[in-house]
Amino acid sequence: MNAPAKHVGSVRLAELVASLSLATDLGRGQPMEHTIRQTVIALRLADSVGVGEDDRIATYYTGLLDSVYCHADAYEQAKWFGDDIALKADTYEADMESLRAMLLTIRRLGAGESGLDRARRIVAFPVSGWKDLNRFLHTHSALQAQFAARIGLPEVVCNALRHSYERWDGKGVPDGISAERVPIAARLVNLADLAEVYNRSGGVEAAREVARERSGGQLDPALVEVFCEQASGLLDGLNADTRWSNVIDAEPGLARVVGGTELDRVLEAMADLVDMKSPYMAGHSRGVANLASQAARGSGMPADDAVALRRAGFVHDLGRLGISNAIWDKPGPLTDAELERVRLHPYLTDRMLAGLSALGPVRRLAARHHERLDGSGYSGGLVGADLSPADRLLAAADVYHAMTESRPHRDALPPETAAAELRADVRAGRLDGDAANAVLKAAGQRVPARRDWPHGLTAREVEVLGLLARGGSNKGIARELFVTPKTVSSHVEHIYSKIDVSSRAAATLFATQHGLVGSFEPTRDS
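Pasting the structure below:
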């Protein structure tokens, strides 16, 4: 049996962010390391035009974090367009302000639906669909800037991320600023993003051509001119310069290291980000981390194992970002092909964390959270002899926590029913009995009912917010609470005002961070 996990000291923040960028790549329909390669191109171009050190730092982290929250409203994207990942991959085919982009968008409407349902989707789109698309970009820019601030990056980075969807011609979001008012880091990364995609598919001349086509619209003409003159050098040798160690060593200025509780805070921020993939998952990773670590402490596991389990809980579902919400949010049975995609997500988690040598024990735990004692799990098909006590405990915590959350095909199970199902898995030889008992003991320790809610929210508003975070419409929430849709609309308006957000995705993140969704929080003295 595997040895216990060893305690992790500290990790370069750049390594954590670069690992997260691999998830962003898959969520945008790009191969892993697209974002790393665009960052290298942007830094090379930054050096060519002589930007200062602060802007080099902003370029590096904007390159790695641009579009990191592009999945935040994948639930809504999938409702309109079917495969949310394919939709985002299409955005490279045409300037977003062009007629061709509009036609590509319309072509994807209702993908995968029957003829009548698709027709309804197309008819409804002009009324609310374009507004939704615009709102998506506002949400992405706001949340990625908040994420950068949350993990301690400087304001110059946050500002560039806040404006990474702005355009040279002023037709971008969120503020419609133009020309040199757009942060130089955002302008560099916008160009590098396109250059990487077109260079990969068509070579240097294809990259030059798309840059010239979008010069003065999406892109800064002065940067395009420099890029076109130096394209061969700027795009040469990317395979060598995008090796993991080279990318981390290329970090300008900060070279920041995080450890202890600071590392936990960064991993928790990553967990909250991942769980935005679907409203059914809001708070899941944070909840699994809390449950697994508390179960480990309660069962007398070494402190190092409890720490590793908490951190593995935070990152165990990173691989979910590489799979479409058309699968995750499907209310009916999955096809065999869809099940195979689902079975890939622990493997994708493993690959995304592969560069983090200091987090080796955490990576191994995270990659094994769907393995089972009888070999029926995935993605490695491991058996009991291969699985450590910590592996077994994380698997049990994930199963129990998931059962107490709603899913597209079922409602949340009451704790007693979930406990019975967990014990059934033990009897069937899939899960470990000691691990299951430790999880159930920890899960019985509930936080007392809260009386003071954050930001002045009322108990009713918290109830509405929880249903909204799970993807409920005003009509659906009204049916659930036996009130009118108008009353729900009023509640939502008050909630948005109190917590200062303007979208379901942002409200969901607030609810997750304040423990208002997700079924498990640790006890006060843990």
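According to this note's numbering, the stretch in the sequence shown is residues 1 to 526, in order. By construction, the Cβ of each residue, glycine as well, lies at the ideal position given by its N, Cα and C atoms. Remember, it's a predicted structure, so these values are computed and weren't measured experimentally.
The secondary-structure analysis by DSSP pairs residue 215 across a beta bridge with 219.
Among the bridge pairs identified by DSSP, residue 110 is matched with none.
Counting only runs of 3 or more residues that sit fully inside the stretch 79-134, no beta strand (DSSP E) segment turns up.
The alpha carbon of residue 491 has as its nearest neighbour, out of 461, 482, 221 and 467, the alpha carbon of 461. For residue 324, the three-state secondary structure derived from DSSP is coil. In the DSSP assignment, residue 287 falls within the alpha helix (DSSP H) that extends over 284-298. As summarised for the stretch 430-465, the continuous alpha helix (DSSP H) elements at least 4 residues long and confined to that stretch are 433-443, given in chain order.
Around the Cβ of residue 215, a 10 Å sphere holds 16 or more other Cβ atoms; the residue is buried. DSSP places residue 257 inside the beta strand (DSSP E), whose first and last residues are 257-259. The criterion of a C-beta distance shorter than 8 Å is satisfied by residue 366 and residue 316. Restricting attention to 168, 53 and 104, the CA atom closest to the CA of residue 86 is found in 104. Each of 21, 44 and 45 was checked against the Cα of residue 34, and the nearest Cα belongs to 21.
By the beta-carbon neighbour count (other beta carbons within 10 angstroms, threshold 16), residue 417 is exposed. Look at residue 388 here: in three-state DSSP terms it is coil, with no helix or strand label. Ranked by how close their Cα comes to the Cα of residue 237, the residues 69, 374 and 41 have 41 in first place. Counting the other Cβ atoms within 10 Å of the Cβ of residue 227 gives 16 or more, which makes it buried. For residue 244, the closest alpha carbon among the candidates 431, 53, 64 and 468 is that of 64. A distance of 8 Å or more separates the beta carbons of residue 289 and residue 183. For the pair residue 209 and residue 55, the Cα-to-Cα distance works out to about 27 Å.
Here residue 28 carries a coil assignment [DSSP, helix/strand/coil]. At a cut-off of 4 residues, the continuous stretches assigned as alpha helix (DSSP H) that sit fully inside the stretch 349-382 are 360-367. Ranking 521, 13 and 272 by CA distance to the CA of residue 262 puts 13 first. Residue 74 and residue 84 do touch by the CB rule: their CB atoms are close to 4 Å apart, below 8 Å. In this structure, the alpha-carbon of residue 325 lies about 27 Å from that of residue 499. Counting along the chain, residue 40 sits inside the alpha helix (DSSP H) bounded by residues 34-49. As the crow flies, the alpha-carbon of residue 126 is around 39 Å from that of residue 413. The C-alpha of residue 158 lies about 34 Å from the C-alpha of residue 488. Residue 271 and residue 314 do touch by the CB rule: their CB atoms are close to 4 Å apart, below 8 Å.
Per DSSP, reduced to three states, the secondary structure at residue 187 is helical.
At a Cβ-Cβ threshold of 8 Å, residue 279 and residue 330 do not count as neighbours. The beta carbon of residue 170 sits closer than 7 Å to the beta carbons of 176, 177 and 178 from its chain, once the five residues preceding and following it are set aside; these are given in chain order. Taking residue 212 as reference, the option from 223, 203 and 202 with the minimal CA-CA separation is 223.
Inter-segment contact for the stretch 466-486 and the stretch 494-512 is present: three or more beta-carbon pairs are separated by less than 8 Å.
As a beta-bridge residue in DSSP terms, residue 12 pairs with 257.
When DSSP states are grouped into helix, strand and coil, residue 410 belongs to the strand group.
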